[in-house]
Every structure is written in structure tokens, then in C-alpha cells.
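A.B. asks: This is the structure, below, for whatever I ask next.
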Amino acid sequence: MPESAAAPIHLPKTSESDRLKRIRHTTSHILAMAVQKLFPKAQVTIGPWIENGFYYDFDHPEPFSEKDLKLIEKEMVKIIKRKLPVIREEVTREEAERRIRELGEPYKLEILQDLEEPITIYHLGDEWWDLCAGPHVENTGEINPKAIALESVAGAYWRGDETKAQLQRIYGTAWETPEQLAEYKRRKEEALRRDHRKLGKELGLFIFADPVGPGLPLWTPKGTILRLTLEDFLKKEQLKRGYLPVVTPHIARVDLFKTSGHWQKYKEDMFPLMAEDAEAAAQEQGFVLKPMNCPFHIQIYKSELRSYRDLPLRLAEFGTVYRYEQSGELGGLTRVRGFTVDDSHLFVTPEQLDTEFLNVVDLILSVFRCLRLNKFKARLSFRDPKSDKYIGSDEAWSKAESAIQRAVEQLGMEHFLGIGEAAFYGPKLDFIFEDALGREWQLGTVQVDYNLPERFDLEYVAEDNTRRRPVMIHRAPFGSLERLIGILIEEYAGDFPFWLAPEQVRLLPVGDEQRPYAERVAAQLREQGVRVSVDRSGDRLGKQIRNAETQKIPVMGIIGAKEVESETVSIRTRADGDVGTFPVKELIEKLTSAMTAMNANIQWQ
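Listed below in C-alpha cells is the structure:
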């Protein structure tokens, strides 16, 4: 690395750094102390660390303003500079309750009821304290006052319950050095520039409409082309690998999901039951919108008796599912209520499981390579044996988890364990992608399931003519089209590679006289599958170029009198500017070659 090149600044998450955990936890207490000093009517509730900072929830009669945040931050700096000791104290439940009642803090009384002994209190000097388990720094002077910042205020319900009091949540961040804080702020600004909600609107890809409802995106023509391009790409790859396409309904009898266990274990995330009358509703009889596709694919498997010779059976569907996410959890395309999963369910013999699992992982990795998603790690999402949210026997879970463990070890994949992250019916291998800003997203997933074949009594005729139980593999390389597209918009900053761009080429006629020739060229390009448009605005060339740049069109074809006469097109690209003039036939060859090869950049020389 050249001496002048600065090393990238690493921004660890709180969970990765015990030092940051102590800093951020203590800074949240400093925030609460500062708020109560400046606003004596404010009551504190909870103030945990989060992965990039901390927050504290307050009950205060007046809304906090931007001006208030600045005052609070100044007061926090004063507290830090006083180097107040952070003192841990153990007290009895009765003593904690007595002190809380003296303060008149009803929220702390509720928190106290849920705490197990010993009850610990942390003091900032002798001026402020709160119930807390820690950890903290030893004194406030260990926090760099130039490495903290308050970021925003948001609404929050007490204990996340919409029927309880609405609080004000102040978010902040704290780092070890001012340089880390500056890099964090830079990444936040870059995240705003790349925000898929902002770019999606500017590029005309999707909208949300109040009459339709929150979390239900509407895809415009350009956005639909983007979706279809991704679908076609995966469908072709799946057909090569022996997948069979199926289509299933959007609703089903609730009994289907009682058999699968979704109704018992996943009901809160499903849309309400549609019953014919009150009696049917009372008996939980009726229809529901599907939250997952697997029970439908199981019915297709069960429609005839299968032989071992028929397996593996790989059924694939771009199936739209519906989940009743809370309105406060919705976020653009990355958290929606209706989304399309690139779903597939493989029915395999136990002997085929390892090979089929490895083949699925190979498919997911090839998809990531084509999409230029290179930074990812694998999470082994296993069940928490202490939880009751899972179905099935210990033996079934052990076999499924062992299959995933064998696969990652055989592949030599970097992986980590996520206890409690399993689906309720089986463990998963989840692919966690790190984007250009260091944020992590779950994309592809592959799951091993011994439980649903048992619950649905699935069978196949084995080679010895006995009836045996198949194993299911659930897989989705994209995860969901909505989340994937949201992530791709931000990863590419809206600047899609040529093969994926909804509008690949825009022809810019210098004047009205050149428009007929531009339309003929566009027709020739369309015949070869190129996504092309003609600027019919009548604007001056400079404005046409600026508009195409703003819309992030990869290739612009400028057509003046000279190009019409020579039957050529002058090409300008977003990546390289002016690259030369080309006969139409040669231009078509270069563009179609780039599309077929999924090249990020077209070779113009």
C-alpha cells in the first residue's frame, strides 16, 4: 500500500467489542442523566446498547426537538469531562423499590418486577443512578467527548405494546475515537445517498400507495423489467439443474397450516382468518393468506405415490407470500407485508441429502457471483433447545443440523453459529451479505427438514419396495425479490450492471430530423432483446445527456446528421464517457454479447 493511502477505518459492532459495549452502555446512562437534569419532568425507562450505538426511551410531556438534542449533547460532554466514577451497588428488592418510589419513577417499578436477584444499581457519581446489569467503564472520563453524537428522536411504545404509553426514543452513537465517529457519519451520509427508497422513486422502479396499504409495493414498468430479468436469470439456471416449475394459490384452508404447524407457531405473523360466518370463525375454519409456499409444494408431492426412482424431486416457484409485519417494522423493500420468494422444495432420499444440499449451496454461490455480491459469510442457524417455538423430535433436529454441519465443513466455508435462528420446523444455512457500507443482510437460505415430511405423512417406495420417509430441503437463493432488489439498488447505488439495467440504452437524436433513424435503430436493438428507448422530448442534446445520466442509463447513443448519413451511432457511457462511433450491426453485437455474458462493462475497443 502506498504511504499516502490511509488504511480503511474499521467500525466494529457493539457485539464484537467489549470495550465499545462498556462505552455505549455508559453513554446511554450519561444521556439519561443529562435529559433529567435539563428536563426534570422526563421519566426514564430502558436504555440499551445497539450494534452501532445506543438509545434511551423517555416519557416526557413535550416532544424533544433538534435544538433539545444539541443542548442534551452539550450537557453530556460536561458530565463526561467531570470524570464521574461509575459505581456498581447490589441492593435488596425492597431497598430498590423504596428508592424508586422516592424518585417517583413508575416505569422503573415495572422493570424491577421482572429482574432476578441480585438487584444491581449503577451510579454516576452520587448524582444519578439506574437499575442495570452492566457492563460499564470505570468513570465517565474514559469516554472521548469528541467521539459521541446524538442522532435522532423516534416514537416507541412502552415494551413495544401499541396499547401502552407512547415514549420518545433518543438514538445516539459512541466510538473510541473521533476518527471512527467521522467514518460512521460518512457512511450514514453515503447510506442516505444510496437509500433504495429514495433511488427507487428517482429511477421510477416502485411506489407505495396509501389506498393500497403499507408494506405492499407496486412495481412500475421499469421495476417490473428488473424483477423479470432477475426471475428469468434464476429460472434458466434452475432448469439447467433439474428444477421443475410449479404455480400455487395465494390462499388456502387454515387446516393446511394447522398440519404444517404454521398456525400454531407462526399465527401472529399471518394475516387474520377469513371465515364465512361467526360460527366458522369460532371453530377456526376458513381461509388464510399463505405465509410460506412449502405446504403447497408438499401437496403436489403427495398427489401421487413417488418411487425412489423419482427422487430427488425439485419443485420451484416464484411464490408471493404474505406476512402481517407490524407497521413500525416496515422499511421500504427490505421489510414488507407481501413479497415474492424464489422458493424451491427438494424431496430427497436420506442417501441423497448431502449431495443435494451441496448442489443447492453451489447454486446460491453462483447466483452471488453473477450479482457481484462477494462479501458474505454463512450462519448455521440452529434451534435453541431451551425454547418451545420448534416442532419435531430431538432426533430429527440432530440429523438435520448434522447434515448442515457436514456440508460447510466439506466446502471449507467460513461460518458461525446462530443458536435460536432456526425456522420452527428445521435448521438453516443462511448467507449473510455485507454491503458496500459494512451493513449485513440475510439473503440466500437453505434448510434441512425432517419434520414437515413427518407431519404430512410423506412417503416414497424404496428400492426394497418398503415405504420410507423423504427428507425436504427448502431453499431460496435470493431470499425474496423485494429484499434483494432493495439491497442491489443500494449496493450498486442505482447504477445497475448492463445486463440487469431496466433501461440499457437510450438513443438521443440531436434534432427532429434524426428521430426516424433513431426509431429504426431502436427497433433493431429491441429485436435482439436490448432494452432501449428513444428520447422524444425535443430537448437540446446537453439536457438529454444530463437526463440520461440522472436516470443512470448505462449506454447513450447520440444520433446527429453525420450518424444518419453513415448509418452509425456515437456511443457515450456512464462509466467511460465518449467511447466512439459504431455501425449499428457492430453495436448490436457488442450489446448482446455483454448481455449474454453478464459483463459489468462492455468492451468497446
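Quick note: the sequence shown uses numbering that gives the first Met the number 0, first residue 0, plus one each step.
For every residue, glycine included, the Cβ atom is placed at its ideal position computed from N, Cα and C.
By DSSP, does P84 sit in helix, in strand, or in coil?
C.D. replies: strand
A.B. asks: Helix, strand or coil: how does DSSP classify M555 here?
C.D. replies: Secondary structure at M555: strand, using DSSP grouped into helix, strand and coil.
A.B. asks: Need the endpoints of the beta strand (DSSP E) that M273 sits in, please.
C.D. replies: Where M273 is concerned, there is no enclosing beta strand (DSSP E), given that its DSSP letter is neither H nor E.
A.B. asks: Starting from the Cα of P271, find the closest Cα among V253, F317, P553 and give me that residue.
C.D. replies: P271 has its Cα closest to that of V253, out of V253, F317, P553.
A.B. asks: Please report how far the alpha carbon of A31 lies from the alpha carbon of R21, in whole angstroms.
C.D. replies: Whole-angstrom Cα-Cα distance: 16 Å.
A.B. asks: Looking at the strands, I want to know which residues DSSP matches up with N138.
C.D. replies: P84
A.B. asks: Let me check understanding here. Comparing Cα to Cα, which of D268, F207, T348, I558 lies closest to T465?
C.D. replies: T348
A.B. asks: State the DSSP-derived secondary structure class of T444, mapped to helix, strand or coil.
C.D. replies: strand
A.B. asks: Any idea what DSSP makes of H24, helix, strand or coil?
C.D. replies: H24: helix per DSSP, three-state reduction.
A.B. asks: Relative to the alpha-carbon of E548, which residue among L204, F455, L507 has its alpha-carbon at the smallest distance?
C.D. replies: Nearest C-alpha to E548: L507.
A.B. asks: Note down the Cα distance separating H135 from G214, rounded to an integer number of angstroms.
C.D. replies: 39 Å
A.B. asks: Confirm, please, whether the CB-CB distance from L370 to Q404 is below 8 Å.
C.D. replies: no
A.B. asks: Apart from the five residues just before and just after Y300, which ones in its own chain have a Cβ nearer than 7 Å to its Cβ?
C.D. replies: L312, F346, L457
A.B. asks: Give me the Cα-Cα distance between E161 and R454, rounded to the nearest whole angstrom.
C.D. replies: 36 Å
A.B. asks: What do you get for D268, buried or exposed, if any count of 16 or more other CB atoms within 10 angstroms of its CB means buried?
C.D. replies: exposed
A.B. asks: Evaluate contact between the region 275-282 and the region 319-328, counting only Cβ atoms and requiring at least three cross-stretch pairs below 8 Å.
C.D. replies: The region 275-282 vs the region 319-328: no contact.
A.B. asks: Leaving out five residues on either side along the sequence, give the residues of the same chain with a beta carbon under 8 Å from the beta carbon of E175.
C.D. replies: R18, L19, I22, N143, A146
A.B. asks: If I measure Cβ to Cβ from S3 and keep anything under 7 Å in the same chain, skipping five residues before and after, which residues do I get?
C.D. replies: Interpretation of S3 is limited by its pLDDT of 47, a score under 50 that renders its predicted location unreliable; the figure taken from the coordinates is listed afterwards. None.
A.B. asks: Which first and last residues belong to the beta strand (DSSP E) in which H508 is found?
C.D. replies: One point to set straight first is that residue 508 is Pro, not His, in the sequence displayed. Taken as a continuous stretch (DSSP letters only), the beta strand (DSSP E) holding P508 covers 504-508.
A.B. asks: Distance check for Y183 and P7, CA to CA, integer angstroms please.
C.D. replies: 12 Å
A.B. asks: Report buried or exposed for M273, applying the criterion of at least 16 other Cβ atoms within 10 angstroms of its Cβ.
C.D. replies: exposed
A.B. asks: Apart from the five residues on each side of it in sequence, which residues of its chain come closer than 6 Å, Cβ to Cβ, to K80?
C.D. replies: none
A.B. asks: At the level of alpha carbons, what is the spacing between G203 and Q503?
C.D. replies: 14 Å
A.B. asks: Out of curiosity, what's the CA-to-CA distance linking E518 and E481?
C.D. replies: 34 Å
A.B. asks: Taking the alpha carbon of Y516 as the reference point, which residue from A560, R308, E236 has its own alpha carbon closest?
C.D. replies: A560
A.B. asks: Assess, as a yes-or-no matter, whether the region 328-336 is touched by the region 476-492 under the definition of 3 or more beta carbon pairs within less than 8 Å.
C.D. replies: yes
A.B. asks: Could you name the residues of the same chain whose beta carbon sits closer than 8 Å to that of E588, not counting the 5 residues immediately before and after it, in chain order?
C.D. replies: none
A.B. asks: Quickly, what does DSSP pair Q165 with across the bridge? List them, please.
C.D. replies: Y156
A.B. asks: Tell me the residue span of the alpha helix (DSSP H) that contains Y300.
C.D. replies: Unbroken alpha helix (DSSP H) run through Y300: 293-301.
A.B. asks: Specify the secondary structure class of M75 as computed by DSSP and reduced to three states.
C.D. replies: helix
A.B. asks: What residues in its chain sit with their C-beta under 6 Å from that of W440, if we drop five residues either side in the sequence?
C.D. replies: Taking W440 as the centre and dropping the five residues before and after it, the same chain places the C-beta of F432, I486 closer than 6 Å to its C-beta, in chain order.
A.B. asks: Around the Cβ of F53, are there at least 16 other Cβ atoms within 10 angstroms (buried) or fewer (exposed)?
C.D. replies: buried
A.B. asks: When DSSP labels each residue in this structure, what does T13 get in the three-state scheme?
C.D. replies: helix
A.B. asks: Please confirm if the region 354-373 is in contact with the region 442-451, defined as three or more CB-CB distances below 8 Å between the two stretches.
C.D. replies: yes
A.B. asks: E115: which of E96, K107, R92 sits nearest, CA to CA?
C.D. replies: R92
A.B. asks: From this set, P553, A574, K542, which residue's C-alpha is nearest R505's C-alpha?
C.D. replies: P553
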